[in-house]
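Engineer:
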Amino acid sequence: MSERKQITHMQVRIARMATEKWKLPIAEVAELFHRYQVFEYIRDCYGIFHVEGDDAIWEEIMPYLKRQGCVCA
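The opening position of the sequence shown corresponds to residue 2 in the working numbering, with each subsequent residue numbered one higher.
#1: Which word fits I62, buried or exposed, when buried means at least 16 other C-beta atoms lie within 10 angstroms of its C-beta?
#2: Could you please give the first and the last residue of the uninterrupted alpha helix (DSSP H) stretch that includes P64?
#3: Evaluate the contact criterion for the stretch 55 to 70 versus the stretch 4 to 19: three or more CB pairs, one atom per stretch, below 8 Å.
#4: For L33, which residues from the same chain have a beta carbon less than 7 Å from its beta carbon, with the 5 sequence-adjacent residues on both sides left out?
#5: Buried or exposed for V30, please, with buried defined as at least 16 other CB atoms from any protein chain shown within 10 angstroms of its CB.
#6: Is Y42 helix, strand or coil by DSSP?
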């Protein structure tokens, strides 16, 4: 699988994780991820994230969201 596909796969997994943790529909999570540039953050940090599990990635994303002003985090 190409790196681009792996990044997309990771972005989807983390978005789905957010739907479960926040109890929000995927459309709302996608909007929040776009607004706070989470998809870009995952892409930019993929070099580090690809060796971590999804829970560890989530633990990195939550402080990022707080710094961005997201009230969900």
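Beta carbons are placed, not taken as given, at the ideal position from N, Cα and C, and that holds for glycine.
Structural biologist: Looking at the coordinates:
#1: The residue is buried, with at least 16 neighbouring Cβ atoms inside 10 Å.
#2: Looking at the DSSP string, the run of the alpha helix (DSSP H) that includes P64 is D55 to Q69.
#3: At 8 Å Cβ cutoff, the stretches touch.
#4: Counting only Cβ-Cβ distances below 7 Å, and skipping sequence neighbours, we find C71 and C73.
#5: So V30 counts as buried.
#6: Reduced to three states, the DSSP call for Y42 is helix.
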